[in-house]
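This report refers to the structure that appears directly beneath it.
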Amino acid sequence: GCVQKAAALRKHDLKLWKSYSERVVELKEELQPEQLGYILWGYGKSSYINEAFYTEIMGTAKAQLPLLQSHALMSLMWCMKRVKWRDRDLLKAVGQHVLEVSD
Numbered sequence: 061g062c063v064q065k066a067a068a069l070r071k072h073d074l075k076l077w078k079s080y081s082e083r084v085v086e087l088k089e090e091l092q093p094e095q096l097g098y099i100l101w102g103y104g105k106s107s108y109i110n111e112a113f114y115t116e117i118m119g120t121a122k123a124q125l126p127l128l129q130s131h132a133l134m135s136l137m138w139c140m141k142r143v144k145w146r147d148r149d150l151l152k153a154v155g156q157h158v159l160e161v162s163d
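Residues 61 to 163 (my numbering) are what the sequence shown spells out, left to right.
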């Protein structure tokens, strides 16, 4: 909720995003796949850059990949593009997952 709203309102308060990031990382193991998708959308929209955060959240995305539906997958790829996050293994895994579920 908060992440998406801040992103939609174009809030660029770095302190706010840093706090959100710390809280999201604290909760990463409890995030549902749909929630992860909305969070990734919010971070992509904001273009907030924090390497430590993305290292953590992309690891969570990788672990939840088999559970991600189309919106979350789109948000993951879009976020990676927006923040220029490079992870070839994750990209390959997403591509493989999409091929598997489209059969």
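We put the CB at the ideal spot given by N, CA and C, even for glycine.
Check                                                                                                               : Outcome
Rounded C-alpha distance that separates residue 145 from residue 90                                                 : 23 Å
Coil, strand or helix - residue 108 by DSSP                                                                         : coil
Contact set for residue 104: own chain, Cβ-Cβ below 6 Å, skip 5 residues either direction                           : 138, 139, 142
C-beta contact flag for residue 115 and residue 88 at 7 Å                                                           : no
Extent of the continuous alpha helix (DSSP H) to which residue 77 belongs                                           : 74 to 87
Burial state of residue 127 (16 or more Cβ within 10 Å)                                                             : exposed
Bounding residues of the alpha helix (DSSP H) (the contiguous stretch that carries residue 142)                     : 130 to 142
Given residue 99 as reference, the closest of 73, 74, 133 once Cα atoms are compared                                : 133
Three-way DSSP call (helix, strand, coil) for residue 149 in this model                                             : helix
Sequence-distant residues of the same chain with beta carbon closer than 7 Å to residue 122, five excluded per side : 150, 153
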